[in-house]
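Q: Going down the list, the sequences are from chains A and B.
According to our numbering, the first sequence is numbered sequentially starting from 484.
According to our numbering, the second sequence is numbered sequentially starting from 484.
Glycine included, each C-beta is placed from N, C-alpha and C at the ideal position.
Quick one: this structure, given as structure tokens, is what I'll be asking you about.
Number of protein chains: 2
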Amino acid sequence: MLRILGVIGDKWSILVVGTLRDRTLRFGELHRAVTGISQRMLTLTLRQLERDGLLTRTVHASVPPRVEYTLTELGSTLLTAATALGDWAAAHRNEIENNRRHYDEAHPPRARR
Amino acid sequence: MLRILGVIGDKWSILVVGTLRDRTLRFGELHRAVTGISQRMLTLTLRQLERDGLLTRTVHASVPPRVEYTLTELGSTLLTAATALGDWAAAHRNEIENNRRHYDEAHPPRARR
């Protein structure tokens, strides 16, 4: 179970899978669409998702080669399951940010063990 | 959205929250229940979950002090949302492990760019 949670319990994986919902994208398009991800992290994330069978990587024989990423059937089912969690995150975003602010006020760095 | 996904998109957080479902536990009990987590990672995970308001940390004035962790209402709602994802992971575990095996056979380390 741990190793499977490792797949899906990673924000970049979730964001990349979400970005590929209903569309095929090239590497550069994904890089622009997933705000904040580095090229290296995107490469690693895509390779892991391909290895897990959540997306397919298709190389078209052009010059330069065109490489496209598409969700598999399995990837689409993950997206459905992840929706509840995404909805939760959106609904509780402000509450969590308030909690963090209160915690930081009550636990200044110097007083922490 | 990214920072919130950072909270929940972490396998240790999900496992700790799941372990606290319907019960209060002490640090040592959590450490035994969450297989594979180091003391340091458990400490960091608990602090982050407390900061987010997903659990409360109660220190009882005994010798030695007894420290207990309990999910908050917010933590319980996260658990509900995460259930779909946990069910997905359990249902597709074998499929993903097969995919990984096939990928590794088709992409031996030396042939990889």
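Across which residues does DSSP place Arg-504 (chain B) in a beta bridge pair?
A: Partner(s): none; Arg-504 (chain B) has no beta bridge.
Q: Whose C-beta lies closer than 8 Å to the C-beta of Ala-565 (chain B) among residues of the same chain, with five residues either side of it excluded?
A: Ile-491, Ile-497, Val-500 and Gly-501.
Q: Let me know the beta strand (DSSP E) ranges lying completely inside the segment 510-550 of chain A, each 3 residues or longer, listed in chain order.
A: Those beta strand (DSSP E) runs which fall completely within the segment 510-550 of chain A and span 3+ residues are 538-543.
Q: Would Arg-534 (chain B) pass as a contact of Arg-583 (chain A) if the rule is Cβ separation under 9 Å?
A: Closer than 9 Å, so yes.
Q: To the nearest angstrom, how far is the alpha carbon of Gly-521 (chain B) from that of Glu-512 (chain B)?
A: The amino acid occupying residue 521 (chain B) in the given sequence is Ser; Gly does not appear at that position. One C-alpha to the other measures close to 13 Å.
Q: Would you say Arg-535 (chain B) reaches chain A, if we count a Cβ-Cβ gap shorter than 9 Å as a contact?
A: Residue 535 (chain B) is actually Asp in this sequence, not Arg. Answer yes: the Cβ-Cβ gap between Asp-535 (chain B) and chain A drops below 9 Å somewhere.
Q: Thr-560 (chain A) touches chain B at which residues, Cβ-Cβ below 7 Å?
A: Neighbours of Thr-560 (chain A) on chain B, chain order: Trp-571.
Q: With a cut-off of 9 Å, does the C-beta of His-590 (chain A) fall near any C-beta of chain B?
A: Cβ-Cβ to chain B under 9 Å: yes for His-590 (chain A).
Q: Against His-575 (chain A), what residues of chain B qualify as contacts under a CB-to-CB distance less than 7 Å, listed in chain order?
A: In chain order: Leu-557.
Q: If you draw a straight line from the alpha carbon of Ala-572 (chain A) to that of Val-546 (chain A), how long is it in whole angstroms?
A: Cα to Cα, the separation comes out at about 42 Å.
Q: Which class does Thr-563 (chain A) belong to by DSSP, given the choice of helix, strand or coil?
A: Reduced to three states, the DSSP call for Thr-563 (chain A) is helix.
Q: Note down, in chain order, every chain A residue with its Cβ under 8 Å from the Cβ of Arg-540 (chain B).
A: Correct list: empty, because the minimum Cβ distance to chain A is about 11 Å.
Q: Who are the near neighbours of Met-524 (chain A) in its chain, counting only those whose CB is closer than 7 Å to its CB and skipping five residues on each side?
A: So the qualifying residues of the chain are Trp-495.
Q: Would you please verify whether the beta carbon of Asp-587 (chain B) is less than 9 Å from any beta carbon of chain A?
A: So yes, Asp-587 (chain B) belongs to the interface.
Q: Note down, in chain order, every chain A residue with its Cβ under 7 Å from the Cβ of Leu-568 (chain B).
A: Within 7 Å Cβ-Cβ: Ile-491, Ala-564, Ala-565 and Leu-568.
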